[in-house]
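All you need for our numbering is the position in the sequence shown, starting with 1, plus 898.
Just so you know, even glycine gets a beta-carbon here, dropped at the ideal spot from N, CA and C.
Being a predicted model, the structure only gives us computed values, none of them experimental.
What follows is a single structure, written as structure tokens, with notes after it.
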Amino acid sequence: MSLLARLARGLLVSVLGGAFLAAHAEYPDRPLRLVVPFTPGGNIDATARIVAQGLSEQLGQPVVVDHRAGAGGVLGSELVARGPADGYTLLLGSSGALATSKALNPEIKLDPAKDLVAASPIARAPLLLVLDPSLPVKTVADFMAHAKAHPGKVTVASSGSGTAAHLTAELFQIQAGVKLLHVPYKGSAPAIADLLGGQVDSSFDQLASTLQQIRAGKLRAIGVTTARRSSIVPDIPTLAESGLPGFEASTTAGLMVPAGTPAPVIARLQAAMAKLLQAPEIRQKFEALGSDVVTGSGADFDALLRSEIDKWSRVVKEAGVQVR
């Protein structure tokens, strides 16, 4: 290549690069859409509304929440993954749903680890192992001993087959070496209602769904599923410190965009989220939902998602979980 050609090429690259940076320096210059792949109501919806309001203030543009439910969160996630990679359509992703979707349904075309990129983690929702107080156990060790003494007879309720509550119960059985009787419900509310009524013995459920009943003494919480104790209920030990070393199960929400979204756009979103999540009033809002704010980079959430995909794929296979 001649000297003149090299100079011309360098000038072209410089011009195009400058135009690219200039274009994205103006981002965002119109409203954004935050897709929630679940129906309105519940923890993930409340999380989305906190994020939408906060991001709108940080970015100076409206952020509209758009519910696109279906297939356990897959339809909304696919909508974002197949959409334009320009930073104007965002996903409120859930590590639990994204990590288990392919394992539970191999026909799903979405590959979260390849088709989506995280801009930021948001908050982690722990599950609690809660019991009917009439059950003659006080600790996780007691519960494991009770389950071993009554194999297949101690019931564990969940919000449905393939949900985080169900798969956490399966992970518990694998690591504890016990056999429980799974009782799936159509949602958390009826499962907790029957637990309160004494129709079932136990459940793994989100803190927000059970905290009021725990404080009222209507349910007994004996363990939290995160690797560290929750700042909201610091007196409840983790399962890992209660006889199940390494046990960890939780759902982490993250802000995600389609793969191929320009790096400056992702950096802008990540910076806005970092500032948002530092605000004490935002942390208080998440605590009211039973969630702990998670700080870190989008790369941190991507790494978490990949590890969760591997873990829950193994659990689904070993436990023989099938969703009908």
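Euclidean distance between Cα positions of residue i and residue j
i, j, result
"H1080", "P960", "44 Å"
"G1050", "L1026", "21 Å"
"R1127", "K1116", "22 Å"
"P929", "A1169", "18 Å"
"Q1104", "V949", "20 Å"
"T937", "V972", "12 Å"
"T1108", "D1099", "14 Å"
"L1203", "I1130", "24 Å"
"V962", "S1211", "33 Å"
"L860", "S1059", "Residue 860 lies beyond the range of the chain shown here (899 to 1222); nothing can be said about it."
"P1024", "L1078", "21 Å"
"S1086", "G1095", "14 Å"
"V1213", "A1047", "24 Å"
"S1205", "S993", "10 Å"
"G958", "G952", "10 Å"
"T1053", "E1216", "20 Å"
"Q1110", "Q1220", "32 Å"
"D927", "P1162", "14 Å"
"E1005", "S999", "10 Å"
Minimum Cβ-Cβ distance from residue i to chain B less than 9 Å
i, result
"I1164", "Any reference to chain B falls outside this structure, which holds one protein chain only."
Segment limits, alpha helix (DSSP H) that includes residue i
i, result
"A1087", "S1086 to L1094"
"P1010", "P1010 to D1013"
"L953", "N941 to L957"
"T998", "S993 to L1002"
"V1054", "Element bounds for V1054: not the alpha helix (DSSP H) but the beta strand (DSSP E), T1053 to S1056."
"P857", "The question about residue 857 has no answer, for the chain in this structure spans 899 to 1222."
For residue i, three-class secondary structure by DSSP
i, result
"A920", "Confidence at A920 is low in this model, with a pLDDT of 49, below 50, so the placement of that residue should be treated as unreliable; the coordinate-derived value is given next. Correct three-state label for A920: helix."
"L1069", "helix"
"I1120", "strand"
"G970", "helix"
"F1145", "coil"
"R1212", "helix"
"I1164", "helix"
"R1022", "strand"
"T937", "coil"
"V1219", "coil"
"S1129", "coil"
"R931", "strand"
"D1030", "coil"
"A1157", "coil"
"A1045", "helix"
"V1038", "helix"
"T1150", "strand"
"A906", "Residue placement at A906 is poorly supported in this model, since its pLDDT is 49, which falls under 50; the coordinates still yield a value, given next. Three-state result, A906: helix."
"D984", "coil"
"T1108", "helix"
"A1114", "coil"
"V978", "helix"
Option in the options with minimal Cα separation from residue i
i, options, result
"G1144", "D1040, K1036, K1209 and G952", "K1209"
"P1160", "T998, V962, A1017 and P938", "A1017"
"M1042", "V1192, L1137 and A1151", "L1137"
"A1197", "A1001, K1012 and S975", "K1012"
"F1070", "T1123, G958, T1108 and V1221", "T1123"
"H965", "Q956, G939, R980 and D984", "G939"
"A1201", "Q956, P1010 and S975", "P1010"
"S1057", "F1102, G1075, S1032 and V1015", "F1102"
"V1076", "Y1083, D1133, P1132 and A1067", "A1067"
Beta strand (DSSP E) segment containing residue i, residue limits
i, result
"H965", "V961 to H965"
"Q1104", "S1100 to Q1104"
"P1082", "L1079 to P1082"
Taking 8 Å as the cut-off, does the region 937-950 touch the region 1180-1197 (at least 3 CB pairs, one atom from each stretch)? yes
Three or more C-beta pairs below 8 Å linking the region 980-993 and the region 1155-1165: yes
Check whether the region 1137-1151 and the region 1078-1097 touch, using three or more Cβ-Cβ pairs below 8 Å as the test. no
Answer yes if the region 931-942 comes into contact with the region 1163-1178, meaning at least three C-beta pairs across the two stretches below 8 Å, and no otherwise. no
Would you check if the region 1028-1041 and the region 1187-1203 touch, i.e. whether three or more CB-CB distances between them fall below 8 Å? no
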